[in-house]
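Going by the UniProt record's numbering, the residue at position 141 of the sequence shown is 141; the numbering climbs one at a time, nothing skipped. Shown next, in structure tokens, is the structure this report addresses.
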Amino acid sequence: MTSNDPLRQPGFASDGEIHRLQGDGFSLFQYPDYDTYRAIQQEGNRRKIDWQFVPQSHIALCAGFVERTLGQVRFGICHGTRSGAEQRWFAEALPGQPRVIGTEISDTAKDIPDTVQWDFHDTNPDWHERADFVYSNSWDHAFEPLRAFASWLDSLRPGGLLLLDHTEGHIARKANQLDAFGIKRGRLQRLLRAEFGEIADPMEALDFTQANPDYPAHVVVMRKRS
Numbered sequence: 001m002t003s004n005d006p007l008r009q010p011g012f013a014s015d016g017e018i019h020r021l022q023g024d025g026f027s028l029f030q031y032p033d034y035d036t037y038r039a040i041q042q043e044g045n046r047r048k049i050d051w052q053f054v055p056q057s058h059i060a061l062c063a064g065f066v067e068r069t070l071g072q073v074r075f076g077i078c079h080g081t082r083s084g085a086e087q088r089w090f091a092e093a094l095p096g097q098p099r100v101i102g103t104e105i106s107d108t109a110k111d112i113p114d115t116v117q118w119d120f121h122d123t124n125p126d127w128h129e130r131a132d133f134v135y136s137n138s139w140d141h142a143f144e145p146l147r148a149f150a151s152w153l154d155s156l157r158p159g160g161l162l163l164l165d166h167t168e169g170h171i172a173r174k175a176n177q178l179d180a181f182g183i184k185r186g187r188l189q190r191l192l193r194a195e196f197g198e199i200a201d202p203m204e205a206l207d208f209t210q211a212n213p214d215y216p217a218h219v220v221v222m223r224k225r226s
């Protein structure tokens, strides 16, 4: 099963099966229905609840960039945070005791401090243009990535920052039923410019591969226009 444009028209598979769709520099998994996607994500969350992929040292580097770029931060959102470490580390690293929350699709969110049970594809009107920054290393769990990115940009205040980790684990061949979306970094940057260039400007990707060899990541950055 294929789609002429699976990123812009992902949809669900009509034959009841899970499919891997391939495109220019990306892979995207397609599910028979939303319930299947949600069940896979919730099972993966519970199975990996004690795993922490992103180290605190990386969050400190990201927080330093946010502070240098924006100054005082009042509110931030981290999407797909599982155990809640990322929002806690951002809040600790940024001055002024900002409020930083995380989202998680699983009902385990109710047991994690500062975590909201939320599907990150969906726009939350309570967050509209409130966040100084939105961060995620879990964007590869999106089955409709453009809808997710649009929702995250909606949450940003004018001038706010969208930060997306990109590592070897985010490339196309690493996509699977749990990590539904994989894409080359350059292709991701072009996609964001093409889809959201009217409301956000790309910034130079942050290269933390040398500063943090234990988590060799680039961070793709978009800044919402004022």
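Don't be surprised by glycine CBs; every beta carbon is placed ideally from N, CA and C.
Item: Tell me the residue span of the alpha helix (DSSP H) that contains Gly186.; Value: Arg185 to Phe196
Item: One question on the structure: do Phe133 and Leu164 come within less than 7 Å of each other, judged by their Cβ atoms?; Value: no
Item: Between which two residues does the alpha helix (DSSP H) carrying Ala148 extend?; Value: Pro145 to Ser155
Item: Do Ala131 and Phe75 have their C-beta atoms closer together than 7 Å?; Value: yes
Item: Is Ser3 helix, strand or coil when you go by DSSP?; Value: Reliability fails at Ser3, whose pLDDT of 47 lies under 50, so the model's placement of it is uncertain and no value is given.
Item: Span of the alpha helix (DSSP H) holding Arg47?; Value: Tyr34 to Arg47
Item: List the endpoints of the continuous alpha helix (DSSP H) containing Leu70.; Value: Gln56 to Leu70
Item: Going by DSSP in three states, Gln9 sits in which element: helix, strand or coil?; Value: coil
Item: Would you list the one or two residues that DSSP bridges to Val134?; Value: Ile77 and Leu162
Item: Helix, strand or coil, according to DSSP, for Glu172 in the structure here?; Value: One point to set straight first is that residue 172 is Ala, not Glu, in the sequence displayed. Ala172: helix per DSSP, three-state reduction.
Item: Taking DSSP as the reference, what is the three-state secondary structure of Thr108?; Value: helix
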